[in-house]
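Report on one structure; see the data block that follows.
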Amino acid sequence: MRILAISGSLRRGSHNASLLRAAGELLPPTDELVVWDGLRDVPPYDEDDDGEPAPAPVAALRDAVAAADAVLIATPEYNHSIPGALKNALDWASRPLATNVFRNKPVAVIGSSTGMFGAVWAQAELRKVLAAMGARVADVELAVGHAADKFDGEGAVTDDSLRDQLEDALTTLRAEVAPVLVERRLVFGESPLDDGAREDADEPALLDDRNPLEVALL
Amino acid sequence: MTSVIEQQLQIPTGTWTADPVHSSVGFEVKYLGVATFTGELTSFQATLADGELTGTAEVSSIEVKDENLKAHLQAPEFFDAERHPVVRFSGTAAAPGRFEGEITIKGVTKPATLEGEITGPVTDPYGNERYGLSLRTVVDRTAFGLNWNAPLPGGGFALADDVTLKAELSLVKAA
Numbered sequence: 229m230r231i232l233a234i235s236g237s238l239r240r241g242s243h244n245a246s247l248l249r250a251a252g253e254l255l256p257p258t259d260e261l262v263v264w265d266g267l268r269d270v271p272p273y274d275e276d277d278d279g280e281p282a283p284a285p286v287a288a289l290r291d292a293v294a295a296a297d298a299v300l301i302a303t304p305e306y307n308h309s310i311p312g313a314l315k316n317a318l319d320w321a322s323r324p325l326a327t328n329v330f331r332n333k334p335v336a337v338i339g340s341s342t343g344m345f346g347a348v349w350a351q352a353e354l355r356k357v358l359a360a361m362g363a364r365v366a367d368v369e370l371a372v373g374h375a376a377d378k379f380d381g382e383g384a385v386t387d388d389s390l391r392d393q394l395e396d397a398l399t400t401l402r403a404e405v406a407p408v409l410v411e412r413r414l415v416f417g418e419s420p421l422d423d424g425a426r427e428d429a430d431e432p433a434l435l436d437d438r439n440p441l442e443v444a445l446l
Numbered sequence: 003m004t005s006v007i008e009q010q011l012q013i014p015t016g017t018w019t020a021d022p023v024h025s026s027v028g029f030e031v032k033y034l035g036v037a038t039f040t041g042e043l044t045s046f047q048a049t050l051a052d053g054e055l056t057g058t059a060e061v062s063s064i065e066v067k068d069e070n071l072k073a074h075l076q077a078p079e080f081f082d083a084e085r086h087p088v089v090r091f092s093g094t095a096a097a098p099g100r101f102e103g104e105i106t107i108k109g110v111t112k113p114a115t116l117e118g119e120i121t122g123p124v125t126d127p128y129g130n131e132r133y134g135l136s137l138r139t140v141v142d143r144t145a146f147g148l149n150w151n152a153p154l155p156g157g158g159f160a161l162a163d164d165v166t167l168k169a170e171l172s173l174v175k176a177a
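Here is the structure:
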């Protein structure tokens with residue numbers, strides 16, 4: 229499984245970037261966390277430039293999202309909301325809306341701030357934006373407040389409970405990369421699968437490491 | 003001369019299937035508190051077999067007049083078509099034009115009663131015997147996890163919770 233990691237902070241020594249690196253270290257060997265570092269290069273959204281070909285940094289972002297099984301976003305909070313650069317990148321990624329690369333993509337939002345609230349409002353707004361884009365927003369809440377106390381000088385997590393929370397968040401996100409049901413293939417002719425039984429299963433019954441969208445198209 | 007097709011007092015015996023061209027399945031919901039917004043599920047099937055009515059419709063076939071809205075309805079925060087591609091009803095005739103059973107939307111199954119009328123029979127120009135079945139029920143969409151809404155500047159919300167589901171079926175006797 230490939231998880232694309234996006235930090236909403238451009239700052240060198242960003243706590244959110246550290247959070248994502250820590251997440252990468254917690255993944256099992258079968259999974260990889262790929263950090264997208266193109267945020268700084270995405271131009272301001274301009275509909276006049278929103279055509280084919282897309283600006284190269286935008287195309288790179290869209291390709292990276294499309295190639296990922298899931299996306300993990302760690303965001304700081306600016307003026308109680310989403311950092312402008314991150315929102316701008318998502319606005320580009322959301323185009324065209326009906327077929328954008330985030331549609332049905334499992335996404336988890338986490339965040340950290342040096343204050344006590346851990347970017348909770350930015351996270352909430354980000355979840356709203358992602359849901360409106362059609363993403364499958366995982367039920368993850370991880371607000372890391374007082375970030376300066378949670379990482380060492382190298383950006384490594386020094387707080388064991390944070391490591392556990394991060395692991396839980398990753399487990400929830402990875403579970404969303406579930407098999408897309410083949411129910412629709414069975415509707416007209418055979419008994420559809422039971423939704424409830426599938427959702428209760430610990431392990432996705434039909435799952436393998438293929439992209440769920442590809443499975444859906446089989 | 004006007005010919006009048008009587009509403010039936012009996013549920014027909016045998017197996018009857020919906021003619022997909024001359025039948026429709028759809029929904030109605032108040033939008034912005036005033037007008038009624040409608041949509042159709044164009045891919046469906048329905049069978050009435052000795053009083054047992056079963057029907058399924060594909061969420062991916064929801065048709066509305068804007069492609070972005072159509073995509074929004076397919077998204078995880080609405081019907082989540084990827085995980086729950088089908089809505090279905092199954093029930094039993096409790097009276098002519100009244101079916102009691104269960105409806106499943108977004109993986110959630112709830113009791114539902116469809117009410118309306120059954121008309122016929124008639125013999126169509128191709129010699130097939132037909133009945134008409136006109137049914138509707140009202141569901142609270144939030145009971146099925148379709149919770150999307152947007153607050154309005156003057157108070158209240160954009161989309162009503164109560165949704166009327168409609169089926170207009172032209173039933174042909176199975177061969």
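Residue numbers (our numbering), protein chains in the order written: chain Y, 229 to 446; chain W, 3 to 177. For every residue, glycine included, the Cβ atom is placed at its ideal position computed from N, Cα and C.
Across the region 304-326 of chain Y, CB contacts with chain W closer than 8 angstroms involve 325 and 326, in sequence order along the chain. Using a 10 angstroms sphere on the CB of residue 65(W), the tally of other CB atoms stays under 16, which defines it as exposed. The C-beta of residue 70(W) has fewer than 16 other C-beta atoms within 10 Å across all chains shown, which makes the residue exposed. DSSP places residue 108(W) outside any alpha helix (DSSP H), giving it a letter other than H or E.
One Cα belongs to residue 116(W), the other to residue 20(W), and the distance between them is close to 16 angstroms. Between residue 398(Y) and residue 255(Y), the C-beta gap is smaller than 8 angstroms, which places the two residues in contact. Each of 379(Y), 268(Y), 319(Y) and 253(Y) was checked against the Cα of residue 285(Y), and the nearest Cα belongs to 268(Y). The Cβ of residue 113(W) sits no closer than 8 angstroms to any Cβ of chain Y. Identification of chain W residues near residue 239(Y) by a Cβ-Cβ cut-off of 8 angstroms yields none; the smallest Cβ-Cβ distance measures about 32 angstroms.
A Cβ of chain W is located within less than 8 angstroms of the beta carbon of residue 332(Y). In this chain, the alpha helix (DSSP H) harbouring residue 295(Y) covers 284-295.
In the structure shown, the three-state DSSP call for residue 132(W) is strand. Taking the C-beta atoms as reference points, residue 358(Y) is found no nearer than 8 angstroms to residue 338(Y). Within the region 320-406 of chain Y, the complete beta strand (DSSP E) segments at least 3 residues long are 334-340, listed from N- to C-terminus. One thing to note: residue 46(W) has its Cβ no nearer than 8 angstroms to the Cβ of residue 108(W). Within the same chain, Cβ atoms closer than 7 angstroms to the Cβ of residue 28(W) are found at 40, 41, 42, 43 and 168, the five residues on either side in sequence being excluded. Residue nearest to residue 68(W) within the set 325(Y), 382(Y), 303(Y) and 279(Y) is 325(Y) (criterion: CA-CA distance).
Put simply, the CB of residue 30(W) is far from chain Y, with every gap to its CB atoms at 8 angstroms or more.
Sixteen is the threshold: when 16 or more other Cβ atoms of the shown chains lie within 10 Å of the Cβ of residue 315(Y), as they do, the residue is buried. Taking C-beta separations shorter than 6 angstroms and ignoring five residues to either side along the sequence, the partners of residue 332(Y) in its chain run 364, following chain order. If you look at residue 25(W), you'll find it isn't in any beta strand (DSSP E); DSSP assigns it neither H nor E. Here residue 237(Y) is buried: its Cβ has 16 or more other Cβ atoms, across all protein chains shown, within 10 Å. Proximity of residue 359(Y) to chain W, defined by a Cβ-Cβ separation below 8 angstroms, is satisfied. The distance from the Cβ of residue 235(Y) to that of residue 379(Y) is about 13 angstroms, inconsistent with a contact at the 8 angstroms cut-off.
Excluding its 5 nearest sequence neighbours in each direction, residue 156(W) has no C-beta neighbour in its own chain below 8 angstroms. Among the CB atoms of chain Y, one or more fall inside 8 angstroms of the CB of residue 74(W). At the C-beta level, residue 122(W) and residue 136(W) stay beyond 8 angstroms of one another. The criterion of a C-beta distance shorter than 8 angstroms is not satisfied by residue 352(Y) and residue 401(Y). Bridge pairing for residue 266(Y): absent [DSSP].
Scanning chain Y for C-beta atoms nearer than 8 angstroms to the C-beta of residue 78(W) yields 332, 359, 362, 363, 364 and 365, reported in chain order. Legend: CB atoms of the region 139-159 of chain W lying less than 7 angstroms from CB atoms of chain Y are not found in any residue. In this chain, the alpha helix (DSSP H) harbouring residue 72(W) covers 69-76.
When DSSP states are grouped into helix, strand and coil, residue 44(W) belongs to the coil group. Listed by position along chain Y, the residues whose Cβ is nearer than 9 angstroms to that of residue 65(W) form an empty set, because the closest Cβ is around 14 angstroms away. A straight-line Cα-Cα distance of about 39 angstroms links residue 251(Y) and residue 161(W). If the five residues before and after residue 106(W) are omitted, its C-beta is found closer than 6 angstroms to the C-beta atoms of 90, all from its own chain and listed in chain order.
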